[in-house]
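Engineer: Have a look at this one before I ask anything.
2 protein chains.
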Amino acid sequence: MSEKEFDCCETVEIHEELLKIVETTMPEETELYDLAELFKVFGDSTRIRILFVLFEAEVCVCDLAEALHMTQSAISHQLRILKQSKLVKSRREGKSVFYSLADAHVRTIIAQGREHIEED
Amino acid sequence: MSEKEFDCCETVEIHEELLKIVETTMPEETELYDLAELFKVFGDSTRIRILFVLFEAEVCVCDLAEALHMTQSAISHQLRILKQSKLVKSRREGKSVFYSLADAHVRTIIAQGREHIEED
DNA sequence: CCAACATATGAATAAATGTTCATATGTTGG
DNA sequence: CCAACATATGAACATTTATTCATATGTTGG
């Protein structure tokens, strides 16, 4: 019966060993999905720019809009995404809402990304 | 003249200071773009799964396709993207092409991502 | 309470992206 | 060289996504 399905590159033994390892080390489907969703959030230069501003200070929405030369609406939509991913947190002070970084992983991830693209 | 353009949230002084800081610490436009492009690559669960396999071993395309239950074409397309970002490298051995991780940043970035989504 | 301001959000549009299918390229044994 | 295998790639389609515009929600001073 269908040996073909599991035969590949003429390396049946290595193949089966690989399948076993992958089976045990691969995270759950939901975690993989969540991971991809998280990195998608980093995958937009507007959001990256927002994060770089927040690296320096706690900032309100309209200051962000002005610093990045974008509309308040566009910034607000992106802040929503950043907040949903728990990369930023917000605090209301009167009419304004101030945003800041939610945790340290953001800096590490961005820093590692920069290192990667800068080598070679 | 247009004070309105630079006035915002009634915090003119803080605002100007922010603009100056942002101006000096914000990376170049091209670096921001490259950073976003890099993280986009991590923003797809198929590519994340490929990376998790490569965490364990150097693997050929057809084994990847089989381990992940996907077509050879789909895997090949994604490997191309991973390679363009220099996250993986390839080595031909006869008819097969073996892929492996290109550098250590990949592990760190994924690890930080996992930590982030797992806290709380 | 109301006007003015700050932020959030829904709908619409344009652009980017992942997979499939078909096919091309590249390699090896005979 | 040719057939069989492994991988790469182009075009097409469906889905996702960022921004804009209009408008809603929320807050404060008077």
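These protein sequence lines are chains F and D, in that order. Number 1386 in my numbering belongs to position 70 of the first sequence; there are no gaps in the numbering. Number 1381 in my numbering belongs to position 65 of the second sequence; there are no gaps in the numbering. Every residue, glycine too, gets a C-beta built ideally from N, C-alpha and C. Note that this is a predicted model, so its numbers are computed, not measured.
In three-state DSSP terms, what is Cys1378(D)?
Structural biologist: To locate residue 1378(D), count along the second sequence from 1; it is residue 62. Helix, per DSSP.
Engineer: If distances are taken between C-alpha atoms only, which option among Cys1378(F), Leu1351(F), Glu1434(F) and Gln1388(F) comes closest to Lys1402(F)?
Structural biologist: Taking the first residue of the first sequence as 1, we reach residue 1402(F) at position 86. Of Cys1378(F), Leu1351(F), Glu1434(F) and Gln1388(F), the residue nearest in Cα terms is Leu1351(F).
Engineer: Closer than 7 Å by C-beta to Ala1418(D): which residues in its own chain qualify, once you throw out the five before and the five after it? Chain order, please.
Structural biologist: Position 102 of the second sequence, counting from 1, holds the residue named residue 1418(D). Correct list, in chain order: Lys1402, Leu1403, Val1404 and Lys1405.
Engineer: Compare the C-beta of Leu1354(F) with all C-beta atoms of chain D and state if any pair is closer than 8 Å.
Structural biologist: Position 38 of the first sequence, counted from the start, is the residue given in the question as residue 1354(F). Yes, Leu1354(F) counts as interfacial toward chain D.
Engineer: How about Leu1334(D) and Val1413(F): are their beta carbons less than 8 Å apart?
Structural biologist: As a working mapping, residue 1334(D) is identified with position 18 in the second sequence. As a working mapping, residue 1413(F) is identified with position 97 in the first sequence. No, the pair does not count as a contact, with Cβ atoms beyond the cut-off.
Engineer: Would you mind telling me which residues of chain D sit closer than 7 Å to Ile1364(F), beta carbon to beta carbon, in chain order?
Structural biologist: Taking the first residue of the first sequence as 1, we reach residue 1364(F) at position 48. Residues of chain D passing the Cβ test: Leu1348, Leu1351 and Ala1352.
Engineer: Can you list, in chain order, the residues of its chain whose CB lies under 6 Å from that of Thr1362(D), leaving out five sequence neighbours each side?
Structural biologist: Translated into positions along the second sequence, residue 1362(D) becomes position 46. Contacts found: Gln1394.
Engineer: Could you tell me the distance, in whole angstroms, from the CA atom of Glu1347(F) to the CA atom of Glu1435(D)?
Structural biologist: Numbered from 1 along the first sequence, position 31 holds the residue referred to as residue 1347(F). Numbered from 1 along the second sequence, position 119 holds the residue referred to as residue 1435(D). The straight-line gap from Cα to Cα measures roughly 13 Å.
Engineer: Is the Cβ-Cβ distance between Val1338(D) and Leu1398(D) less than 8 Å?
Structural biologist: Here residue 1338(D) corresponds to residue number 22 of the second sequence, with the count starting at 1. Here residue 1398(D) corresponds to residue number 82 of the second sequence, with the count starting at 1. In this structure, Leu1398(D) does not lie closer than 8 Å to Val1338(D) by Cβ.
Engineer: Identify every residue that forms a DSSP beta bridge with Glu1409(D).
Structural biologist: Residue numbering aside, residue 1409(D) sits at position 93 when the second sequence is read from its first letter. For Glu1409(D), which the question treats as bridged, DSSP gives the partners Ser1412(D).
Engineer: Taking the C-alpha atoms as reference points, what is the distance between Arg1396(D) and Lys1411(D)?
Structural biologist: What you label residue 1396(D) is simply residue 80 of the second sequence in a count that begins at 1. What you label residue 1411(D) is simply residue 95 of the second sequence in a count that begins at 1. Using only the alpha carbons, I get a separation of about 17 Å.
Engineer: State yes or no: is the C-beta of Ile1425(D) within less than 8 Å of the C-beta of Leu1354(F)?
Structural biologist: Indexing the second sequence from 1 puts residue 1425(D) at position 109. Indexing the first sequence from 1 puts residue 1354(F) at position 38. Not in contact: Ile1425(D) and Leu1354(F) (Cβ atoms no closer than 8 Å).
Engineer: Who are the near neighbours of Val1369(D) in its chain, counting only those whose CB is closer than 8 Å to its CB and skipping five residues on each side?
Structural biologist: Looking up residue 1369(D) in the second sequence gives position 53. Excluding residues within five positions, the ones whose Cβ falls inside 8 Å are Val1375, Leu1380, Ala1383 and Leu1384.
Engineer: May I have the straight-line CA-CA distance separating Ser1342(D) from Glu1409(D), to the nearest angstrom?
Structural biologist: Indexing the second sequence from 1 puts residue 1342(D) at position 26. Indexing the second sequence from 1 puts residue 1409(D) at position 93. The sequence given here has Met at residue 1342(D), not Ser. Answer to the nearest angstrom: the Cα atoms are 44 Å apart.
Engineer: Any idea if Asp1388(D) is buried or exposed, counting beta-carbon neighbours within 10 angstroms, 16 or more meaning buried?
Structural biologist: Reading the second sequence from its first residue, position 72 is the one you call residue 1388(D). For the record, residue 1388(D) in the displayed sequence is Gln; it is not Asp. Looking at its Cβ environment, which holds fewer than 16 other Cβ atoms inside 10 Å, Gln1388(D) is exposed.
Engineer: Given that a residue counts as buried once 16 or more other Cβ atoms are within 10 Å of its Cβ, and exposed if not, what is Tyr1415(F)?
Structural biologist: On the first sequence, residue 1415(F) is found 99 positions in, with the first residue counted as 1. Tyr1415(F) is buried by the Cβ-count criterion.
Engineer: Between the alpha carbons of Lys1336(F) and Glu1431(D), how many angstroms are there, rounded?
Structural biologist: What you label residue 1336(F) is simply residue 20 of the first sequence in a count that begins at 1. What you label residue 1431(D) is simply residue 115 of the second sequence in a count that begins at 1. If I take the Cα positions, the gap works out to 25 Å.
Engineer: Taking only beta-carbon positions, decide if Ser1392(F) is within less than 8 Å of chain D.
Structural biologist: Reading the first sequence from its first residue, position 76 is the one you call residue 1392(F). So no, Ser1392(F) is outside the interface.
Engineer: Check the Cβ-Cβ distances between Glu1344(F) and every residue of chain D, and say whether any is below 8 Å.
Structural biologist: As a working mapping, residue 1344(F) is identified with position 28 in the first sequence. Judged by the 8 Å Cβ criterion, Glu1344(F) is not in contact with chain D.
Engineer: Go ahead and label Arg1278(F) buried or exposed: buried means 16 or more other beta carbons lie within 10 angstroms of its beta carbon, across all protein chains shown.
Structural biologist: The displayed coordinates of chain F run from 1317 to 1436. Any statement about residue 1278(F) would go beyond what the structure contains.
Engineer: Looking at the C-beta of Thr1387(F), does it have a partner C-beta in chain D at a distance below 8 Å?
Structural biologist: Taking the first residue of the first sequence as 1, we reach residue 1387(F) at position 71. By this cut-off, Thr1387(F) is not an interface position.
Engineer: Taking buried to mean at least 16 other C-beta atoms within 10 Å of its own C-beta, is Arg1423(D) buried or exposed?
Structural biologist: Taking the first residue of the second sequence as position 1, residue 1423(D) is located at position 107. It is exposed - the Cβ of Arg1423(D) has fewer than 16 other Cβ atoms within 10 Å.
Engineer: Looking at the secondary structure, which residues open and close the alpha helix (DSSP H) in which Gly1359(F) lies?
Structural biologist: As a first step, residue 1359(F) is located in the first sequence; it is residue number 43 there, counting from the start. Note, Gly1359(F): premise wrong, no alpha helix (DSSP H); not H, not E.
Engineer: For a contact defined as C-beta to C-beta under 9 Å, what are the partners of Ser1406(D) on chain F?
Structural biologist: Taking the first residue of the second sequence as 1, we reach residue 1406(D) at position 90. Result: empty, since nearest Cβ-Cβ is about 14 Å, beyond 9 Å.
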